[in-house]
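Here is the structure we will look at.
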């Protein structure tokens, strides 16, 4: 019986470690992937463009952590705009400060003006910038978000 408890405890620890590791993974992404229309038109998607060197970006991270905990059905994507050569820095940052319930990407190329326009024509290129979308409803918000503002943006794309 004692062995069974130890085996179950170890299995739980390994599963938790794997889940935490997956939650803190940073995947590469391209502008082409970011500009592709979503296949799922029912799920609300929140995309935040940020960088490790951007103080307002870091200050708003708890808003996305809270959203991920409260609304697991919302797809949250955090896209780092750090230089492509700084992928190790982005991964290290996310390992230290990351949280679950979100997908984190690091853009594989430096953004050009044409890329910014392709992602969101309303976007000046300043960060943080957040896109909230569902189906053909889409809202672009530049600047640091607080929870009430993010909730209002999400509410405006719901049915």
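Numbering (this note's numbering), first residue to last: -6 to 152. Think of the CB as a built atom: it goes at the ideal place given N, C-alpha and C, for glycine as much as any other residue. Given the structure is predicted, the values throughout are model-derived calculations rather than measurements.
Going by beta carbon distance, what residues of the same chain come within less than 8 Å of residue 102, once the five residues before and after it are set aside?
Within the same chain, residue 102 has close Cβ partners 23, 24, 77, 108.
Given that a residue counts as buried once 16 or more other Cβ atoms are within 10 Å of its Cβ, and exposed if not, what is residue 39?
Classification for residue 39: buried.
Please identify the residue among 145, 139, 148 whose C-alpha is closest to the C-alpha of residue 59.
139
Would you kindly work out how many angstroms separate the C-alpha atoms of residue 148 and residue 105, rounded to a whole number?
31 Å
Here's the rule: buried if 16 or more other CB atoms are within 10 angstroms of the residue's CB, otherwise exposed. What is residue 119?
exposed
Whose C-beta lies closer than 8 Å to the C-beta of residue 132 among residues of the same chain, with five residues either side of it excluded?
124, 125, 126, 146, 149, 150
Using C-beta distances below 6 Å, list every residue in its chain close to residue 55, excluding the 5 sequence neighbours before and after it, in chain order.
Here residue 55 has no same chain residue with a Cβ atom under 6 Å from its own Cβ, once five neighbours each way along the sequence are excluded.
So is residue 14 buried or exposed if we call it buried at 16+ other beta carbons inside 10 Å?
Its pLDDT being 42, under 50, residue 14 is placed unreliably by the model, and nothing is read from it.
Please list, in chain order, all residues of the same chain as residue 142 whose beta carbon is under 8 Å from its beta carbon, the five residues on each side excluded.
134
How would you label residue 35, buried or exposed, when you count the other beta carbons within 10 angstroms and need 16 or more for buried?
A residue is called buried once 16 or more other Cβ atoms fall within 10 Å of its Cβ, and residue 35, having fewer, is exposed.
Using the beta-carbon count (16 or more within 10 Å), is residue 32 buried or exposed?
With fewer than 16 other Cβ atoms from the protein chains shown falling within 10 Å of its own Cβ, residue 32 counts as exposed.
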